[in-house]
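Residue numbers for the sequence shown follow our numbering, so the first one is -19 and each next one is one higher.
In this text, a Cβ means the ideal position worked out from N, Cα and C, and glycines have one as well.
All values derive from a computational prediction rather than experimental measurement.
Just below is one structure, and these are the notes that go with it.
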Amino acid sequence: MKLSVIVPVYNAESFLQKNMMTIVEQLTPETELILVNDGSKDKSADICEQLCQISNNIRVIHKENGGVSSARNKGIIHAQGEYITFVDSDDYVANDYIRTVLSLIKEPIDIVFFGATIVGEDKQINLRPYFEDKQLPDRKGLDDIYTLLFTCRLNEPWDKIYKKSIIETFNISFPLGVNLGEDLIFSLQYITYVRSAKMIGKMIYCHTINPIGLGQSKVTMNTVRYHDLTFSKMLTVLKMLHLSEPHYQESYETMLQIITNCCGKLSKQGYTNKKIYECVKKYGWYSEMMNRQYTSKKSKLRKRLMSWRMYRCISFTFNH
């Protein structure tokens, strides 16, 4: 088996059949589709079972609800493919998705990146081809990938193809109990062991933005803890890879933007400045982030408002 496509499923009855058929119709003898039903309460389980009747290369795994990370990890355990990729149940793929992916992994490669089309709530389509077609036979050419990862622009697992042997050898998994940043943590763990990569700008995946997304979800003090896990992993990987100062600067710029947005939302929800400050100051990256010099006007302003603990102003200034 060459490729395993893993799909976590939870309460997806309204779109599951239609979206999965875009994959099912392309399956070949060397590809498999693994549907992980994560304790759905609607008819998703029945739809998964119906899909299984179409092909022997479709399998369904039923488990108690544990979240998307738990479902993906379960899929990895059961995957028989040499390579693994992920598809969200509310997304769909281009009609040459499987053919393109198989061509990209015909020769040994550690990771593949491909383009995606992003469809918003208003049906507006945004294209995300972050790179030109190229192959990187060693680490020397991975700088562009590191930049995209460390600036949180390449978080998701659905625009990548992973080598299963790397995941197994280094015991890489999606972190449990983390509701924010789990995709980036997985990618950061994996990229540490990558020695070769391919990138194509062709957009073979269509990601649908859920109207009830993270941007509209409630922010709590736990949100800061989740960011801490992501930031800590990011800094660890930076050190492990012995990357240059510009990568550190890019990472801290990203961290500053994320944490100021978070503090602004906390203030807007009624948390006091004192409580917010007590929450963020205890993390090691906070003092490093605040001691850094920033060049962009926005970053300078963010840092100034943070140092003055004017968190509500952050919310007004940056429209959060």
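*Hey, could you find the ends of the alpha helix (DSSP H) Y126 is sitting in?*
Position 146 of the sequence shown, counted from the start, is the residue given in the question as residue 126. It spans D123 to F130 - the alpha helix (DSSP H) in which Y126 sits, taken as one unbroken run.
*Alpha carbon to alpha carbon, what distance is there between E87 and D115?*
The residue labelled residue 115 in the question sits at position 135 within the sequence shown. The residue labelled residue 87 in the question sits at position 107 within the sequence shown. Note that residue 115 is Gln in the sequence shown, not Asp. The alpha-carbon atoms of Q115 and E87 are separated by roughly 11 Å.
*What is the residue span of the beta strand (DSSP E) that N17 lies within?*
In the sequence shown, residue 17 corresponds to position 37, counting from 1. Looking at the DSSP string, the run of the beta strand (DSSP E) that includes N17 is T11 to D18.
*In or out: D68 buried (at least 16 other Cβ within 10 Å) or exposed?*
Within the sequence shown, the letter at position 88 stands for residue 68. Classification for D68: buried.
*Three or more C-beta pairs below 8 Å linking the stretch 79 to 93 and the stretch 174 to 192*: Yes, the stretch 79 to 93 is in contact with the stretch 174 to 192.
*Should the stretch 253 to 269 be regarded as contacting the stretch 238 to 245, the criterion being three or more beta carbon pairs within less than 8 Å?*
Contact between the stretch 253 to 269 and the stretch 238 to 245 is present: three or more C-beta pairs spanning the two stretches fall below 8 Å.
*asked:* Only counting the same chain, and skipping five residues up and downstream in sequence, which positions put a Cβ closer than 8 Å to that of T142?
replied: Position 162 of the sequence shown holds residue 142. Reading the sequence as shown, one finds Tyr at residue 142 and not Thr. Cβ contact annotation for Y142 (same chain, cutoff 8 Å, sequence separation greater than five): Y63, I64, T65, I91 and Y170, in chain order.
_Classify S49: buried if its beta carbon has 16 or more other beta carbons within 10 angstroms, exposed otherwise._
As a first step, residue 49 must be located in the sequence shown, where it is residue number 69. Buried, because 16 or more other Cβ atoms sit within 10 Å of the Cβ of S49.
*DSSP puts H187 in a beta bridge; with which residues?*
On the sequence shown, position 207 is the one that residue 187 refers to. Note: H187 sits in a beta bridge opposite I98.
_Does the contact criterion of 3 or more C-beta pairs under 8 Å hold for the stretch -14 to 6 versus the stretch 22 to 33?_
Output reads yes: the stretch 22 to 33 touches the stretch -14 to 6.
_Endpoints, the alpha helix (DSSP H) within which K86 is located_ = For the purposes of this step, residue 86 is identified with residue 106 of the sequence shown, where counting begins at 1. Membership of K86 in any alpha helix (DSSP H) is not indicated, and neither H nor E is assigned to it by DSSP.
*Flag this pair as yes or no: are the beta carbons of F298 and G244 separated by less than 9 Å?*
Residue numbering aside, residue 298 sits at position 318 when the sequence shown is read from its first letter. Residue numbering aside, residue 244 sits at position 264 when the sequence shown is read from its first letter. Yes, the pair counts as a contact, with Cβ atoms nearer than the cut-off.
*Could you tell me which uninterrupted alpha helix (DSSP H) segments, each at least 4 residues in length, are contained entirely in the stretch 11 to 65, listed from first to last along the chain?*
Listed in chain order, they are 24 to 32 and 48 to 58.
*Outcome for H207 when other beta-carbon atoms lying within 10 angstroms are tallied against a minimum of 16*: As a position in the sequence shown, residue 207 is number 227, starting the count at 1. Result: buried.
*Count the CB pairs spanning the stretch 26 to 40 and the stretch 67 to 83 that are closer than 8 Å, and state whether there are at least three.*
Contact between the stretch 26 to 40 and the stretch 67 to 83 is absent: fewer than three C-beta pairs spanning the two stretches fall below 8 Å.
*Could you give the residue range of the alpha helix (DSSP H) that holds I152?*
Translated into positions along the sequence shown, residue 152 becomes position 172. Segment: none, I152 is in no alpha helix (DSSP H) and carries neither H nor E.
_Whole-angstrom distance between C132 and D70, CA atom to CA atom_ = If you number the sequence shown from 1, residue 70 lands on position 90. If you number the sequence shown from 1, residue 132 lands on position 152. Answer to the nearest angstrom: the Cα atoms are 22 Å apart.
*Could you tell me the distance, in whole angstroms, from the CA atom of N17 to the CA atom of I(-14)?*
On the sequence shown, position 37 is the one that residue 17 refers to. On the sequence shown, position 6 is the one that residue -14 refers to. Going by the C-alpha atoms only, they are around 11 Å apart.
*Roughly how many angstroms lie between the CA atoms of I3 and I85, to the nearest whole one?*
Taking the sequence shown and counting its residues from 1, the one referred to as residue 3 is at position 23. Taking the sequence shown and counting its residues from 1, the one referred to as residue 85 is at position 105. If I take the Cα positions, the gap works out to 18 Å.
*With DSSP collapsed to three states, give me the class of K198.*
Stepping through the sequence shown from its first residue, residue 198 is reached at position 218. Annotated three-state conformation of K198 is coil, per DSSP.
*asked:* Using a Cβ-Cβ cutoff of less than 6 Å, which residues in the same chain neighbour I256 once the five nearest sequence positions on both sides are dropped?
replied: For the purposes of this step, residue 256 is taken as the residue at position 276 of the sequence shown. These residues qualify, in order along the chain: C243, L246 and Y291.
*Can you say whether K(-2) is buried or exposed, counting buried as having 16 or more other CB atoms within 10 angstroms of its CB?*
Here residue -2 corresponds to residue number 18 of the sequence shown, with the count starting at 1. With fewer than 16 other Cβ atoms within 10 Å, it is exposed.
_Please identify the residue among R272, I14, M(-19) and F296 whose C-alpha is closest to the C-alpha of E225._
Position 245 of the sequence shown, counting from 1, holds the residue named residue 225. Sorting R272, I14, M(-19) and F296 by C-alpha distance to the C-alpha of E225 places R272 at the top.
*Are the beta-carbon atoms belonging to E5 and R39 less than 9 Å from one another?*
Here the question's residue 5 lines up with position 25 in the sequence shown. Here the question's residue 39 lines up with position 59 in the sequence shown. No.
_Classify N45: buried if its beta carbon has 16 or more other beta carbons within 10 angstroms, exposed otherwise._
The residue labelled residue 45 in the question sits at position 65 within the sequence shown. In this structure N45 is exposed. Its beta-carbon is surrounded by fewer than 16 other beta-carbon atoms within 10 angstroms.
*Do you know offhand how far T252's Cα is from T200's?*
To locate residue 252, count along the sequence shown from 1; it is residue 272. To locate residue 200, count along the sequence shown from 1; it is residue 220. When only Cα atoms are considered, T252 and T200 end up about 13 Å apart.
*What did DSSP end up calling Q(-3) once you bin it into helix, strand or coil?*
The residue you call residue -3 lines up with position 17 of the sequence shown. In the structure shown, Q(-3) sits in a helix (DSSP, three-state: H, G or I).
*Cα separation between E268 and I98?*
Counting from 1 along the sequence shown, the entry for residue 268 is found at position 288. Counting from 1 along the sequence shown, the entry for residue 98 is found at position 118. When rounded, the distance between both Cα atoms is 34 Å.
*Compare the beta carbon distance of L134 and L(-17) with 9 Å and say whether it is the shorter of the two.*
Taking the sequence shown and counting its residues from 1, the one referred to as residue 134 is at position 154. Taking the sequence shown and counting its residues from 1, the one referred to as residue -17 is at position 3. No, the pair does not count as a contact, with Cβ atoms beyond the cut-off.
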